[in-house]
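Chains A, B, C and D, in that order, give the protein sequences. For the first sequence, our numbering gives the first residue as 1, with consecutive numbering after it. For the second sequence, our numbering gives the first residue as 293, with consecutive numbering after it. For the third sequence, our numbering gives the first residue as 585, with consecutive numbering after it. For the fourth sequence, our numbering gives the first residue as 877, with consecutive numbering after it. For each residue, glycine too, the CB sits at the ideal point set by N, CA and C.
Protein chains: 4
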Amino acid sequence: MSIGFIGLGIMGGGMAANLLRKGFSPVVHNRTRAKADPLLAAGAVWADTPAALGRQVTTVITMLAHPEAVRAMALGAEGFLDHLPSGALWIDCSTVNPSFSRAMAAEAQRRGLRYLEAPVTGSKAAAAGGTLRFLVGGAPEDLDAARPLLEAMGRQIVHVGEVGMGSAAKIVNNLVLGQMMAAFAEGVVLGEALGLDRATLLDLLVEGPGGAPLLKLKRDRLAHDDFADPDFPLRWMHKDLHLAAQTAYEVGVALPVGHAAGEAYALAIRYGLGDDDFAAIYRFLARQIPHP
Amino acid sequence: MSIGFIGLGIMGGGMAANLLRKGFSPVVHNRTRAKADPLLAAGAVWADTPAALGRQVTTVITMLAHPEAVRAMALGAEGFLDHLPSGALWIDCSTVNPSFSRAMAAEAQRRGLRYLEAPVTGSKAAAAGGTLRFLVGGAPEDLDAARPLLEAMGRQIVHVGEVGMGSAAKIVNNLVLGQMMAAFAEGVVLGEALGLDRATLLDLLVEGPGGAPLLKLKRDRLAHDDFADPDFPLRWMHKDLHLAAQTAYEVGVALPVGHAAGEAYALAIRYGLGDDDFAAIYRFLARQIPHP
Amino acid sequence: MSIGFIGLGIMGGGMAANLLRKGFSPVVHNRTRAKADPLLAAGAVWADTPAALGRQVTTVITMLAHPEAVRAMALGAEGFLDHLPSGALWIDCSTVNPSFSRAMAAEAQRRGLRYLEAPVTGSKAAAAGGTLRFLVGGAPEDLDAARPLLEAMGRQIVHVGEVGMGSAAKIVNNLVLGQMMAAFAEGVVLGEALGLDRATLLDLLVEGPGGAPLLKLKRDRLAHDDFADPDFPLRWMHKDLHLAAQTAYEVGVALPVGHAAGEAYALAIRYGLGDDDFAAIYRFLARQIPHP
Amino acid sequence: MSIGFIGLGIMGGGMAANLLRKGFSPVVHNRTRAKADPLLAAGAVWADTPAALGRQVTTVITMLAHPEAVRAMALGAEGFLDHLPSGALWIDCSTVNPSFSRAMAAEAQRRGLRYLEAPVTGSKAAAAGGTLRFLVGGAPEDLDAARPLLEAMGRQIVHVGEVGMGSAAKIVNNLVLGQMMAAFAEGVVLGEALGLDRATLLDLLVEGPGGAPLLKLKRDRLAHDDFADPDFPLRWMHKDLHLAAQTAYEVGVALPVGHAAGEAYALAIRYGLGDDDFAAIYRFLARQIPHP
């Protein structure tokens, strides 16, 4: 089995490194080549285009920022999908909306290819450490084929159902996390404005009934106002809340609170925080700018 | 030390029962007498009015639904505050806004009384089981005086700071929990509409990075669509989000997501769910009513 | 010039009738044939499919409910776009998002066809009375060719700019109107709850600084709780707010209030009001359902 | 009839000037004396405190920024209410919530005084030009007594009902206007981001079905990005939306869109726009700040 890996960003870089570490020799491609350097030094092979990559492998893994990027890599001018050999397997680990995932599965099937969606939970550290959780949608036999690869990159594989169900689970997960982070941020901003000590407040919240692992993970970022070197950039969370909104529209569901959270992130991006960790929603809410 | 206890609802009933169990003999009062019956059977003494209660005790504990109820019991026509002996201690366990709590402290002080705010986290089960957490604001010596009583009713006492800080911590806590519950509900409604099995989805969320104790507590309510016999009624959560909004206004903080959650609960109340557990925000969002 | 007209709903029916009245003899098509009957009685010609219509005309006008419907009629299995003669003109009067409109223009151009977007403001009565306003995007010479048709259906033609600008103006217009209607509804619900007489209140608002033509138009619906026989169905307004949200995401704009309005309409649809006039957002907010 | 006037800000200054112009000689008071200078030059008499003013007049008009300011002037340490002669008339033109207005009426009545609420619509220019509209709540005979004064300051007097109804109408009015302005701003921001010319867009909106007088009034501010010299400061609109929210809570009404608008204004205040005209909500949404 020859493996290709496309998308070497915050998440993909760590995932591909784990493949190498476990003995696989992936052919890799990324929009900007520089990000591939550490992997090439460790034995990965570079492909100049997705198409060139497609011609060399029987399994391709994609880990890209949003559906448009997936579409471009798979179906664009130099896309890989028309160049994979018949029967090849495409595993998309990107976070996309379910209807998009089903559309990609149809594109694959039309070309005699197999398709598995395997979006992940866990952020940068989990990608680097090989402890991701995969939420898989697709046929059991395709998952069986993919399992050694997924096990090399993560520690839990949940087969949620057919294609679309993995994306659904992922979208729902991030919808909840995006709102939770905003809730945590609003709570801390309000508490501080009322005179509570920030560290005391963070401890109270983290140890109380709302103390999700997410809050524990972000506690120190809020304590030290440190949102650089993001685990998960704020603009990605905004993108995922947008995918959730898009998906909710398609199925006739109202998300009054999720939309409010989404627009808070949208404003935070306009106010310069898009490339920070999504916990920077705290900074957006806490900040004050004097009247000119 | 003779003890009075006012407010024998979902929370207060359990708390007063624990006082009895630990050997205290409280004089009790409630707006409707019937709720006092089990306590009277167990040895508590009834007072017809807050004023009558005030004349019999040196410490009074209040556990009421909202600031207006506290004001009425303390300062209304038959309020207890003018009838307590000099130096008596008032411990208010109700959830109120910090500025209200400070106003009550001033009313007490003006009469030569001592005041402690001690709102709780933990809901009905914790009140009944004596495992509440108290978020205390007030003077250390007043907390020392109150400690035996609080220990009889809870298992953790956090001295947050001066009067106002306990309320602040409590308001912040519920602001976060109210949003988290709404986030959880929206996630489940969206996931089900996308075809995910509800139980699978609940497990994924509860075991994932958003898996706060609150979610674990509410999981089965969502699994079984069971919001009766509330741990914490939806209309109380709405009230607490309103107190948070009021407080945020006073200190110049914006809560764009908290307000959206608050209005979702407000709508849920209009649509008949106010007396259910606040997890019934799920039902509000999941429900569909056909066109007439 | 032979004319085709596709989409004979609330708006399209009136528009096609005006074409007939002004001496044009359109070939017409609609998903359900029954809606064409009055037009056929007045001299219009029926086409069984969009493709069949396309083969008979040199200009085609579409007035459909949403982008997906436009795509299906133009590019679906029996779509008209592959059947129009070279150089034919497609005038799309549907409300769609700008990026979709540009995509349709590209599809037309690829086939040697001309494309004009001409969404309208004004609702059912304006469509029936021939008093619509067209917000046109496209080439001036294509507008010149379309002008006699547009003048037969409306009384104002605004050439906003190139393709995409007409849709942009329309989306913005409905974003504003959707919010205004919600604002009006909230104001009336609050005023009534405070004891104001509804008619007095409506007059105050309609005659005050917020008294837009929209409010005057909807005044009597609110006065009489009458949302049947919609000028513009609530689910269409929800759709347009969704298009605005989608478009805002594409260009990096935050719409915190527009999203809140959109979700209020989304909830109203779930609670059975989607087929009523969009002023029924008042009913959604005013209604109370007793606790079971 | 000797007249007192308290509160000489953006609105009150113009109103008191009109009283002078029509031949009245008011005794005036303001928190900061400098604002009274032009009036004193024109013949008004200064009072050092509200109490001093109260002792000199039989009618007092108040025009203050919020309920707390009214309470302080009327009932504070040097408040006027205890110093008015029996049977004197207090006309409060401030925007306050209905429950507050009823509380003030009760305070007046308890002292043998008469009370009328007469909040206004129309902003700075209407105050200066004497073209305000008064929304009056109170007894008909009190309105009869007040009428000459109100006619000196405005051109329309609407007797809405008993005390509370005038405030209710005013709160509702501003709830609607606050949302409308936000809707207008969001529409313009989105349209510009889509490439529409701002002036064209403003004209389209102002001349379309949403073209309320408010939009016409604010058109040039948006055209020229000019929010200085406010007709109505943004922080007052935020305050009024807060009063609406508070009032809605008291009567069990949900305002999902109004709350979203309120929080947009709250954020705009944090980002330095509170002292600009409330049309500066456009600037808040249009602005972009680069990533540090």
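E399(B) is outside the set of residues whose beta carbon lies under 7 Å from a beta carbon in chain A. Cβ contact annotation for P85(A) (same chain, cutoff 7 Å, sequence separation greater than five): T58, in chain order. Its chain contains H942, P943, V946, M980, E993, P995, S1043, L1119 as the residues whose beta carbon lies nearer than 8 Å to that of V972(D), once the 5 sequence neighbours on both sides are disregarded; these appear in chain order. In the three-state scheme derived from DSSP, where H, G and I count as helix and E and B as strand, T997(D) is classed as strand. Excluding the 5 residues flanking it on each side, A280(A) has same chain C-beta neighbours closer than 6 Å at F227, L234, L273, in chain order. For the stretch 926-944 of chain D, the set of residues with a beta-carbon nearer than 9 Å to any beta-carbon of chain A is empty. The same chain holds no residue with a CB closer than 6 Å to that of A1130(D) once the five nearest residues on each side in sequence are set aside. Remark: fewer than three beta-carbon pairs, one from each stretch, lie closer than 8 Å, so the stretch 446-456 of chain B and the stretch 176-189 of chain A are not flagged as touching. At a cut-off of 7 Å between C-beta atoms, E555(B) counts as an interface residue with respect to chain D.
Just measuring C-alpha positions, the residue of I295(B), A343(B), G315(B), G379(B) sitting nearest A369(B) is A343(B).
Shown here, G952(D) sits in coil according to DSSP, grouped into three states, outside any helix or strand. Contact residues of the stretch 240-253 of chain A toward chain C are H242, A245, Q246, A248, Y249, G252, V253 (C-beta to C-beta distance below 9 Å). At least one beta carbon of chain B lies nearer than 7 Å to the beta carbon of Q179(A). When beta bridges are read from the DSSP output, W630(C) appears opposite V612(C). If you draw a straight line from the Cα of T32(A) to the Cα of L1070(D), it is about 29 Å long.
For R1031(D), the uninterrupted beta strand (DSSP E) run begins and ends at 1030-1037, by DSSP. Here DSSP, grouped into helix, strand and coil, assigns I383(B) to strand. Where V172(A) is concerned, the enclosing alpha helix (DSSP H) starts and stops at 165-193.
The three-state secondary structure of P359(B), taken from DSSP, is helix. At a cut-off of 7 Å between C-beta atoms, H551(B) counts as an interface residue with respect to chain D. Of the residues W236(A), L20(A), P256(A), E263(A), the one whose Cα lies closest to the Cα of L150(A) is L20(A). Straight-line measurement puts the Cα of A767(C) at about 7 Å from the Cα of G1134(D). Neighbours of M165(A) in chain B, taken as residues whose beta carbon is under 7 Å from its own, are G487, L488 in chain order. In terms of Cβ geometry, G1067(D) and L1051(D) do not form a close pair [threshold 7 Å]. The beta carbon of G591(C) lies closer than 6 Å to those of T646, M647, L648 in the same chain, with the five residues before and after it left out. Secondary structure at T492(B): helix, using DSSP grouped into helix, strand and coil. Looking at W236(A), N30(A), E250(A), L177(A), the one whose alpha-carbon comes closest to that of A266(A) is W236(A). Within chain D, the C-beta atoms nearer than 7 Å to that of G771(C) come from V1048, L1051, V1052, in chain order.
In this structure, DSSP gives V549(B) a helical state, which the three-state scheme calls helix. For a Cβ distance threshold of 9 Å, residue set G1128, V1129, A1130 of chain D lies close to R562(B), ordered along the chain. Look at A1142(D): its C-beta is under 7 Å from a C-beta on chain B. Excluding five sequence positions before and after D340(B), none of the CB atoms of its chain fall closer than 7 Å to its own CB. Of all residues in the stretch 127-158 of chain A, the ones placed with a Cβ closer than 8 Å to any Cβ belonging to chain B are R133, L135, V158, in chain order. Under the 7 Å criterion on CB atoms, H583(B) is classed as interfacial with respect to chain C. Residue pairing from DSSP places I353(B) in a beta bridge opposite F297(B), I383(B). Boundaries of the beta strand (DSSP E) harbouring V1012(D): 1008-1013, taken from the DSSP string.
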